[in-house]
Amino acid sequence: MVGTMHSKNGLRLFFLFLLLFTALFDGLLLYTQSSTILFLINGFFVMWVPAMASGVARLLNREDWHDLSFRWRTRPIGIACLLAILFPLVIGFLAYGTAWITHLTPLLPFHATGDLEDVMEVAAPFAPSAGPTLLLLQVGITLLLTIISVVAAAGEEIGWRGYMLPRMIEGKVPGAIIISGLIWSLWHWPQILFSPPIAGMPQIVTASIFLVTITALGCISAWLRLHSESMWPPIILHAAWNIIIVELFNDFTQGVDTSLWTGEPGILVAGTMVLVVGLLAITRVKGSMTSK
């Protein structure tokens, strides 16, 4: 356990180096023209910025790593990991299902989009047109993307839920869970604001909808981290969200970030997140009141 003042000093160091590293890699994203370098920076280095910032903060603040638990073999952690996988599936079926039924977004045959499309294009010259070899290649690509997603998600979660969240709680920051999710979502804003508009909407509108979605997701991730006392549930939730929502469900629509209704900055996804997280929060409060 770190003291209140020590935690606040650690937070200052974390935010300082978070800003420095983010400015560095986001600047590289703006100026590089190579798709390979873009993939490496955005898919790995940017996502490991929070972990790097937390590592520097720990060293300069003379903190150990004992609170960063990667325990696995306990029943509560196993249940939390299962919930982490099921949560984006529930959100996806509710939000995308509503979009498809109401024809706000077309339901299309499966087609690779986003990172999966990029990897498939690289593998295309080596892929047969049909047969077991093609199936084996597709399974291999899926496993590879899963591993990449878990490794990339770990970089963010080690910083956000492994360092920032516990230090905010120890530093007695009011509403630490919600504030930590809000900071996480705002951290993504520069890339959204400097990206092309989605569905003709101004970037600030897209960023604001995204903020609602990711803040709510951050609350779930924080709860899993605190409830399980392990890093694995938030890491798995983050990776599962990227695979299921960002990749899989979008593979049955027009693609990643092409609709005002679906995707991370989609209105239906944001609304579903608020509804589900709100219901879970109310249920938890009622449960705690009943137990008293």
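Add 17 to a position in the sequence shown, counting from 1, and you land on the number used in the working numbering.
Glycine is no exception: its CB is placed at the ideal position from the N, C-alpha and C atoms.
How would you write the range of the alpha helix (DSSP H) that W201 sits in, first residue to last?
193-204
In chain order, what residues of the same chain lie with their CB nearer than 7 Å to the CB of F104, ignoring the 5 residues before and after it?
I237, L254
Nearest-angstrom Cα distance between E80 and T39?
23 Å
Does DSSP put M248 in a helix, in a strand, or in coil?
coil
Evaluate S212 with the Cβ neighbour count: other Cβ atoms within 10 Å of its Cβ, from every protein chain shown; 16 or more gives buried, anything less gives exposed.
exposed
Per-residue DSSP class, three states only, for M64:
coil
Can at least three beta-carbon pairs, one atom from the segment 249-269 and one from the segment 198-213, be found at a separation below 8 Å?
no
Do you know whose CA, among L125, A256, R90, L297, lies nearest A169's CA?
A256
Tell me, to the nearest whole angstrom, how far the beta carbon of A239 is from that of I194; I am working on the premise that it is less than 8 Å.
4 Å
Given 8 Å, three or more beta-carbon pairs between the segment 278-295 and the segment 108-123:
yes
Distance, Cα to Cα, R92 vs H244?
12 Å
Please report the distance separating the alpha-carbon of L45 from that of G157.
30 Å
Is it the case that the Cβ atoms of F31 and M181 are separated by a distance below 8 Å?
yes
So who's on the other strand from I215, going by DSSP bridges?
M218
Per-residue DSSP class, three states only, for E187:
helix
Measure the CB-CB distance between G188 and L28 and report whether it falls below 8 Å.
yes
Assign R29 to one of three DSSP states: helix, strand, or coil.
helix
Where N78 sits in the DSSP three-state scheme
coil
Kindly list the residues whose CB is nearer than 6 Å to the CB of R184, restricted to its own chain and excluding five residues on each side of it in sequence; keep chain order.
S24, G27, L28
State the start and end residues of the unbroken alpha helix (DSSP H) segment that holds T119.
Where T119 is concerned, there is no enclosing alpha helix (DSSP H), given that its DSSP letter is neither H nor E.
Using beta-carbon positions only, say whether R242 and R178 come within less than 8 Å of one another.
yes
Can you say whether Y113 is buried or exposed, counting buried as having 16 or more other CB atoms within 10 angstroms of its CB?
buried
Looking at C-alpha atoms only, which residue of I175, P251, T270 is the closest neighbour of V73?
I175
Cα-Cα separation between T294 and P282, rounded to whole angstroms
A small correction: the amino acid at residue 294 is Val; Thr does not occupy that position in the sequence shown. Rounded to whole angstroms, V294 to P282 spans 17 Å at the Cα level.
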